[in-house]
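Asks: Here you go, one structure.
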DNA sequence: GCCATTAATGCAACTAGTTGCAAAAGCAAC
DNA sequence: GTTGCTTTTGCAACTAGTTGCATTAATGGC
Ligand SMILES: [Mn+2]
Ligand SMILES: [Mn+2]
Ligand SMILES: [Zn+2]
Ligand SMILES: [Zn+2]
């Protein structure tokens, strides 16, 4: 089921927000992309149609759309936050801190943790779109092979 | 067991790094604090002793100490990253996105997830010091009470 | 203690993101 | 379509954090 533009406009209006050309275009660009988009890339895309749009508008609208659950963001540690439309089912990303390789995973893996946090701490964790850092399989192997070279491994 | 200053110096030297007065003071300030410290607070602390120290030094040393596993950082979404010395056992933080209340939790809660990621994806996730966002118990109750006011809840 | 090597520092210029405010524009009522 | 109210925008100034580069200083060998 595809979310139509008018649904999104309604979703904003119902909450007292307005559908502006800038917002409509941002949602369209995000919805039409199969990759994450940075605020800067999005701004460049928006400016192809409306050249005078300011970056503060892009940032403020991304914040709003994220609050409303229409968009989700993630920080891969590359110096800029990345955004995408919030589709179902949710997914997360595993990021290798050594080679930067990423693995996309289904959010089901987090269900048990979510339950534990709810049971033990009465806390409902947002597990919509996380980035977890660590070592991928290839880099674990590399690290093991290198162990002999370090006189005092941690 | 308390980590002594000389141990930290050794830990740097073994890897080809040098123990400088700036680093020594940063580690001492971090080690002497029972709270998280921002880069800015740390810079102010360092400047009480060495007034000409530049912020780039603080940021670069925090990056190095984090890479070496001596310090860990966390982003609570307050516009500045917070740092603390890396003590055992590890802990994480649950942050309410509504009231900003935080709960500190033991990292054991994450052991099962870690195993699943390792088994299914051969990925060793760094679960040293995470911040998870969500809704605390009080804010869940508040949100439920408000449901009647929203004609179209999400 | 002195020298050579190389890591670390201070500085200035930069990028990503935020904020206050006046002007513009969306929406509802008429 | 006009009016009025409120949200949103564009802009400029700001904060947090990063980077390149010339200078300084920590370390090891003598
Ligand atoms: Mn994603
Ligand atoms: Mn902590
Ligand atoms: Zn890797
Ligand atoms: Zn709360």
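Protein chains in written order, with the working numbering: chain A, 1 to 154; chain B, 1001 to 1154.
Note that the Cβ used here is the ideal one computed from N, Cα and C, for glycine as well.
Contact defined as beta carbons within less than 8 Å: I believe residue 59 of chain A pairs with residue 22 of chain A. What is the distance between those atoms, to the nearest angstrom?
Replies: Numbered from 1 along the first chain, position 59 holds the residue referred to as residue 59 of chain A. Numbered from 1 along the first chain, position 22 holds the residue referred to as residue 22 of chain A. Going by Cβ atoms, the distance from residue 59 of chain A to residue 22 of chain A rounds to 12 Å, so no, they are not a contact pair.
Asks: Is the beta carbon of residue 74 of chain A less than 7 Å from the beta carbon of residue 131 of chain A?
Replies: On the first chain, residue 74 of chain A is found 74 positions in, with the first residue counted as 1. On the first chain, residue 131 of chain A is found 131 positions in, with the first residue counted as 1. Cβ distance < 7 Å, so residue 74 of chain A and residue 131 of chain A count as in contact.
Asks: List, from N- to C-terminal side, the alpha helix (DSSP H) runs of 4 residues or more that fit wholly inside the region 28–66 of chain A.
Replies: 39–49
Asks: If contact means a Cβ-Cβ distance below 8 Å, which residues of the region 101–118 of chain A contact chain B?
Replies: 103, 105, 109, 110, 112, 113, 116, 117
Asks: What do you get for residue 104 of chain A, buried or exposed, if any count of 16 or more other CB atoms within 10 angstroms of its CB means buried?
Replies: As a position in the first chain, residue 104 of chain A is number 104, starting the count at 1. Exposed is the call here.
Asks: Against chain A, does residue 1126 of chain B count as a neighbour if the rule is that its beta carbon must be under 7 Å from one of theirs?
Replies: Taking the first residue of the second chain as position 1, residue 1126 of chain B is located at position 126. Yes - at least one Cβ of chain A is within 7 Å of the one on residue 1126 of chain B.
Asks: Under 7 Å from any heavy atom of ligand 6, by CB: list those residues in chain order, please.
Replies: Summarising the ligand content, the structure contains ligand 1, ligand 2, ligand 3 and ligand 4 and does not contain ligand 6.
Asks: For residue 1139 of chain B and residue 1099 of chain B, I'd like the C-alpha separation in whole angstroms.
Replies: Reading the second chain from its first residue, position 139 is the one you call residue 1139 of chain B. Reading the second chain from its first residue, position 99 is the one you call residue 1099 of chain B. Using only the alpha carbons, I get a separation of about 7 Å.
Asks: Go through the residues and name those whose CB comes closer than 7 Å to any heavy atom of ligand 3, in chain order.
Replies: A/96, A/98, A/99, A/101, A/135, A/136, A/138, A/139
Asks: Could you give the DSSP three-state label for residue 133 of chain A: helix, strand or coil?
Replies: In the first chain, the residue the question calls residue 133 of chain A occupies position 133. The answer is strand: DSSP assigns residue 133 of chain A an E or B state.
Asks: Work out the CA separation of residue 107 of chain A and residue 1089 of chain B for me, nearest whole Å.
Replies: By 1-based counting over the second chain, the position of residue 1089 of chain B is 89. By 1-based counting over the first chain, the position of residue 107 of chain A is 107. So the two alpha carbons sit approximately 27 Å from each other.
Asks: Put residue 1150 of chain B into one of helix, strand or coil per three-state DSSP.
Replies: The sequence position of residue 1150 of chain B within the second chain is 150, counting from 1. Residue placement at residue 1150 of chain B cannot be trusted, given a pLDDT of 42 that sits under 50; what the coordinates show is reported in the next sentence. Per DSSP, reduced to three states, the secondary structure at residue 1150 of chain B is coil, with no helix or strand assignment.
Asks: Roughly how many whole angstroms lie between the Cα atoms of residue 1011 of chain B and residue 143 of chain A?
Replies: The residue labelled residue 1011 of chain B in the question sits at position 11 within the second chain. The residue labelled residue 143 of chain A in the question sits at position 143 within the first chain. Residue 1011 of chain B and residue 143 of chain A: Cα-Cα distance of roughly 19 Å.
Asks: Compare the Cα-Cα distances from residue 120 of chain A to each of B/1116, B/1137, B/1063 and report the closest residue.
Replies: Counting from 1 along the first chain, the entry for residue 120 of chain A is found at position 120. Ranking B/1116, B/1137, B/1063 by Cα distance to residue 120 of chain A puts B/1137 first.
Asks: For residue 80 of chain A versus residue 33 of chain A, is the C-beta distance shorter than 7 Å?
Replies: Taking the first chain and counting its residues from 1, the one referred to as residue 80 of chain A is at position 80. Taking the first chain and counting its residues from 1, the one referred to as residue 33 of chain A is at position 33. Their beta carbons are not under 7 Å apart, which means residue 80 of chain A does not touch residue 33 of chain A by this criterion.
Asks: Report the neighbours of residue 73 of chain A on chain B: residues whose CB is nearer than 8 Å to its CB, in chain order.
Replies: Position 73 of the first chain holds residue 73 of chain A. Going along chain B, no residue has its Cβ under 8 Å from residue 73 of chain A, so there is no contact; the nearest lies around 11 Å.
Asks: Please state if the CB of residue 126 of chain A and the CB of residue 72 of chain A are separated by a distance shorter than 7 Å.
Replies: Taking the first chain and counting its residues from 1, the one referred to as residue 72 of chain A is at position 72. Taking the first chain and counting its residues from 1, the one referred to as residue 126 of chain A is at position 126. Not closer than 7 Å, so no.
Asks: Between the alpha carbons of residue 1096 of chain B and residue 145 of chain A, how many angstroms are there, rounded?
Replies: Taking the first residue of the second chain as position 1, residue 1096 of chain B is located at position 96. Taking the first residue of the first chain as position 1, residue 145 of chain A is located at position 145. Counting only the Cα atoms, residue 145 of chain A lies some 42 Å from residue 1096 of chain B.
Asks: Using a beta-carbon distance below 7 Å, is residue 99 of chain A in contact with chain B?
Replies: Numbered from 1 along the first chain, position 99 holds the residue referred to as residue 99 of chain A. Judged by the 7 Å Cβ criterion, residue 99 of chain A is not in contact with chain B.
Asks: Name the one or two DSSP bridge partners that residue 82 of chain A has.
Replies: Against the first chain, residue 82 of chain A aligns to sequence position 82. According to DSSP, which records beta bridges pairwise, residue 82 of chain A is partnered with A/38, A/74.
Asks: How should residue 1045 of chain B be labelled, buried or exposed, when 16 other C-beta atoms within 10 angstroms of its C-beta is the threshold for buried?
Replies: Position 45 of the second chain holds residue 1045 of chain B. Classification for residue 1045 of chain B: buried.
Asks: Mind pulling the chain A residues with CB within less than 9 Å of residue 1135 of chain B?
Replies: Numbered from its first residue, the second chain carries residue 1135 of chain B at position 135. Those are 123, 124, 125, 126, listed as they occur along chain A.
Asks: Using a Cβ-Cβ cutoff of less than 6 Å, which residues in the same chain neighbour residue 1076 of chain B once the five nearest sequence positions on both sides are dropped?
Replies: Reading the second chain from its first residue, position 76 is the one you call residue 1076 of chain B. So the qualifying residues of the chain are 1095, 1131.
Asks: To the nearest angstrom, how far is the alpha carbon of residue 109 of chain A from that of residue 1042 of chain B?
Replies: Position 109 of the first chain, counted from the first residue, corresponds to residue 109 of chain A. Position 42 of the second chain, counted from the first residue, corresponds to residue 1042 of chain B. The straight-line gap from Cα to Cα measures roughly 38 Å.
Asks: Residue 1078 of chain B: buried (16+ other C-beta within 10 angstroms of its C-beta) or exposed?
Replies: Residue mapping note: residue 1078 of chain B aligns to position 78 of the second chain, counting from 1. It counts as exposed.
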